[in-house]
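Participant:
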Amino acid sequence: MGGLNTGKPPIVSNKMQKSRLYLIICLVFIFANVHAQNKEHTHSVYGIKPCTWDEFVDLYSSSCFDENNDSQISEERLDALRNIYDNPININKASREDLQELPFLSDAQTDSLLSYVKRHYPVISLGELALVPRFDYRTRFFLTAFLTCDTTIVQKQTVKDLLVNGRHDIAANFLVPLNTPEGCKSNTTLSVPNRYLGDKNRIGFKYFYNCNNELKFGFTSEKDPGEPFACRGNFLMDSYSFCIFRKQRNGKYAFAIGDYRINLGEGLTIGNVFFSGKKGVLYDTYNNPNTITPHLSYSERDFFRGAAGSIRFGKSLLTAMLSYKPDDAVTNSVNEITSLINTGYHRTSVEQNRRGNVNDFTAGGDFTYGTRLLSAGISAAFVHYDKYMNPRQADYNRYAMRGKNFRTLGLHYSFCYKDIKSRGEIATTEKNALAFVNTIKYTIGNQTTLTSIQRSYSKKYNTPYADCFKSSGTVSNEQGVYFGFSTEPFRFLSFRGYGDFYRRPWSTFRYRAPLNGSELCFEAEIHNSKKAFISAEWKYTKKKCDAGYSTDSTSQNRNQIKLMCGGTFGKFSTKTQITVITTSDKGVNNHGWAVAERACYRNNKLSVAAFAAYFKTDNYSTRVYAYENTVRYIYNNFTSLYGNGIRASLLCSTKFAKRLTAYAKYGLTKYFDRNKIGSGAQQISSSAKSDLTFCINIII
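So in the numbering used here, the last one in the sequence shown is 708, and the numbering has no gaps at all.
(1) Relative to the C-alpha of L205, which candidate in Y557, L67 and P233 has its C-alpha closest?
(2) Count the other CB atoms, across all protein chains shown, that sit within 10 Å of the CB of N705; report buried if there are 16 or more and exposed otherwise.
(3) With distances taken from CA atoms, which of D207, G373, G288 and K323 is nearest I270?
(4) CB-CB under 6 Å to E438, same chain, minus the five flanking residues each way: which ones, in chain order?
(5) Indicate whether V338 and P201 have their beta-carbon atoms separated by less than 8 Å.
(6) With a Cβ-Cβ cutoff of 8 Å, do Y407 and F112 count as a contact?
(7) Distance, Cα to Cα, P472 vs L348?
(8) Straight-line CA distance for T197 to S661?
(9) When we look at the beta-carbon of P522 and count the other beta-carbons within 10 Å, is it buried (16 or more) or exposed?
(10) Can you grab the Cα-Cα spacing for the pair Q189 / H354, in whole Å?
(11) Which whole-angstrom value is the C-beta distance of D87 and S387, which I expect to be below 8 Å?
(12) By DSSP's criteria, R313 is part of a beta bridge. Which residues make up the other side?
(13) In chain order, what residues of the same chain have a beta carbon less than 6 Å from the beta carbon of C239, not counting five sequence neighbours either side?
(14) Pair every Cβ in the stretch 95-102 with every Cβ in the stretch 151-171, then say whether three or more of these pairs are closer than 8 Å.
(15) With three or more C-beta pairs closer than 8 Å as the rule, is the stretch 630-648 touching the stretch 661-673?
(16) Considering just the uninterrupted stretch of the alpha helix (DSSP H) at A88, what are its terminal residues?
(17) DSSP on W514, reduced to helix/strand/coil?
(18) Excluding the 5 residues flanking Y217 on each side, which residues of the same chain have their C-beta closer than 8 Å to its C-beta?
(19) I'd like to know if the stretch 494-502 and the stretch 251-260 are in contact, where contact means that at least 3 CB-CB pairs between them fall below 8 Å.
(20) Give the single residue among T60, D508, R410 and T301 whose Cα lies nearest to the Cα of V289.
(21) Give every residue of the same chain whose Cβ lies closer than 6 Å to the Cβ of R512, excluding the five residues on either side of it in the sequence, and list them in chain order.
(22) Can you find at least 3 beta carbon pairs, one from the stretch 676-687 and one from the stretch 647-655, that sit closer than 8 Å?
(23) If you check the beta carbons only, do G418 and I434 fall under 8 Å apart?
(24) Could you tell me whether the Cβ atoms of A689 and R203 are closer together than 8 Å?
(25) Please classify R127 as buried or exposed, where buried requires at least 16 other C-beta atoms within 10 Å of its C-beta.
(26) Using DSSP with H/G/I as helix, E/B as strand and the rest coil, what is T166?
(27) Express the C-alpha separation of V632 and N598 in angstroms, rounding to a whole number.
(28) Just checking my contact of G279 with C424 at CB under 8 Å: how many whole Å lie between their CB atoms?
(29) How far does the alpha helix (DSSP H) with C72 in it extend, from its first residue to its last?
(30) Give the secondary structure of Y306 by DSSP, where H, G and I count as helix, E and B as strand, and everything else as coil.
(31) Out of D336, I132, N470 and Q165, which has the shortest C-alpha to C-alpha gap to N361?
(32) If you compare alpha carbons, which of Y450, N91 and V391 is closest to Q117?
(33) Relative to the C-alpha of D119, which candidate in V366, F702 and R104 has its C-alpha closest?
(34) Would you kindly work out how many angstroms separate the C-alpha atoms of Y30 and C72, rounded to a whole number?
(35) Would you check whether the ligand FAD has a heavy atom nearer than 7 Å to the C-beta of T436?
(36) When you compare only the Cα positions, how much space is there between T625 and F154?
Following this line, the structure appears as structure tokens:
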């Protein structure tokens with residue numbers, strides 16, 4: 009063959025090159041043709057096939073999930089969005105406050121939508137969303153799940169109307185593990201303090217009433233696996249939650265009584281509403297105005313118990329809150345708090361003894377004056393524990409919270425001029441420790457947004473309920489700057505990415521020296537009106553401790569590449585995910601990869617979703633996450649995969665009647681590299697674990 013080489017490329021190579029070129033041209037032509045058809049038939053793109061709840065949770069959760077920090081959309085946020093999905097906002101009557109409850113909608117997009125409705129009232133089809141400027145494909149798609157078009161003139165509702173014309177939602181959830189963990193066995197060798205006091209099952213019950221998102225009330229109760237049922241001090245369940253929430257449609261006032269969540273300013277004083285990580289910023293999830301929301305999810309953490317309210321008069325908004333609730337805590341020999349526990353677990357006698365052993369009183373408020381263009385405000389918070397907080401003495405705990413009383417004062421602002429939006433806050437504690445955060449968004453044209461977030465949190469700044477933009481951990485001991493962009497040059501093509509560069513000037517529990525870190529992410533996606541898409545994501549993180557300390561200063565690197573593709577074909581949909589991860593820590597390289605496949609079938613009465621994944625990783629640091637569907641009101645959608653094995657699940661839901669829906673899911677994880685799963689009380693003496701999950705939902 010060597011003698012036949014003439015120095016020119018062989019003919020077959022030319023043919024291959026022409027074939028590849030022809031394939032590329034065809035792909036571009038297909039998407040361009042779809043784009044051209046979109047202009048002629050906007051209804052067929054954005055109105056005929058609205059986004060379903062499962063599709064929204066899948067896309068939105070995957071978009072905001074942060075593998076590095078195990079950060080995902082909170083259960084509370086998804087629960088609140090589910091309530092809006094069940095009671096969609098009438099686009100013709102929507103106020104700014106109504107639209108601000110949709111976290112993926114930016115201020116600029118809210119203005120565009122309100123302006124369009126004002127000019128073209130009434131909107132008769134959600135297909136008109138294609139005509140609203142500043143909306144990319146995904147935002148339009150998401151909005152079809154939460155908006156409705158109704159031109160009926162709605163009379164002012166009386167209290168009786170609000171109590172009668174609403175929607176009752178009743179749900180019961182059951183999780184039945186098919187393996188018995190060591191802590192639940194009668195013949196366990198565990199010591200008595202480490203044995204579970206209850207059975208292995210999880211039970212949850214929820215009742216919720218909603219009338220036009222103006223009046224909401226309900227309660228939830230839950231028992232986690234291992235917790236006692238109707239014994240050992242439990243009145244049936246282990247935890248209960250109740251709330252009444254009332255909001256006037258025009259946003260003049262709102263109040264909550266019972267369990268609620270609240271955000272003041274930018275969250276440096278009190279910010280326990282929602283924060284979804286760095287990737288979520290690109291989807292405007294980092295967009296929390298002063299907000300009061302009812303807490304009616306199964307989560308047992310990050311909520312207040314008492315009353316909160318806000319009232320608007322003219323250009324002023326006044327918000328106030330009071331809370332008194334018991335917390336779980338670890339105490340030392342002199343009954344001082346060494347750490348607070350927010351897991352909500354009360355499975356063992358040790359956890360039972362820590363239950364509600366500390367009382368927490370919180371008071372706070374905010375006063376904001378201004379308009380949408382320019383506003384400024386002041387917020388304050390006071391937290392009192394009935395026991396002295398004194399974490400164990402350690403170098404990384406030198407500046408931790410100590411004492412009974414904690415006070416915080418913050419000043420915040422918001423500025424909007426044409427395509428520039430800026431907001432920020434500066435706060436201080438009683439120890440004169442400062443924290444600062446500032447966000448700038450710049451919109452170029454209709455489809456490109458640039459974002460920058462600067463933050464500086466003193467190592468001495470510690471307050472119990474602050475929650476703001478951060479790399480991980482608490483709002484303390486961090487300085488950094490974040491740059492992000494999102495653009496859609498064509499309706500079938502979008503790009504997103506960010507870079508975050510930060511420093512922690514004091515040691516932490518994991519890193520016993522000052523740390524420099526950086527994180528880069530880039531994502532590209534091609535999609536069309538038939539819900540078909542191809543996406544690629546690359547993420548890189550680097551952490552390095554300063555030299556000269558008693559810790560390794562070798563950098564820790566992590567690379568991840570994720571490829572996804574999928575589509576909807578009538579009643580069928582499918583999605584494939586391939587993930588590859590490499591890490592380097594102290595000169596040791598580790599690898600991990602996984603292939604996951606999901607397939608769904610949906611019609612008016614039946615829905616079936618199947619999931620299967622094969623994974624192989626060297627250790628936990630190279631773990632892979634994959635999304636799988638689950639039953640209603642259970643939101644742990646991301647499965648952590650590490651080691652070597654397979655994961656599979658099958659979910660079925662069906663409507664037995666117009667108002668009754670039943671869900672059933674079977675899940676199985678099989679490992680090829682171990683004979684036992686877990687450790688301690690959660691250990692399973694098998695290489696496989698499986699469970700059944702059920703939900704019965706009644707809508708009245």
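Glycine included, every Cβ here is placed at the ideal spot set by N, Cα and C.
Facilitator: Based on what the coordinates show:
(1) P233
(2) buried
(3) G373
(4) R415
(5) no
(6) no
(7) 10 Å
(8) 40 Å
(9) buried
(10) In the sequence as presented, Gln is not what sits at residue 189; that position holds Pro. C-alpha separation (whole angstroms): 16 Å.
(11) About 26 Å; that fails the 8 Å criterion.
(12) D267
(13) none
(14) yes
(15) yes
(16) E83 to D94
(17) coil
(18) G174, R175, H176, D177, L223, K224, F225 and G226
(19) no
(20) D508
(21) N485, E486 and L523
(22) yes
(23) yes
(24) yes
(25) exposed
(26) coil
(27) 13 Å
(28) Contact doesn't hold; Cβ gap of about 21 Å is too wide.
(29) W61 to C72
(30) coil
(31) D336
(32) Y450
(33) R104
(34) Model confidence at Y30 stands at a pLDDT of 43, short of 50, so the residue's coordinates are unreliable; what they give is reported in the following sentence. Going by the C-alpha atoms only, they are around 36 Å apart.
(35) As for the ligand FAD, it is missing from this structure, which has no ligand bound.
(36) 39 Å
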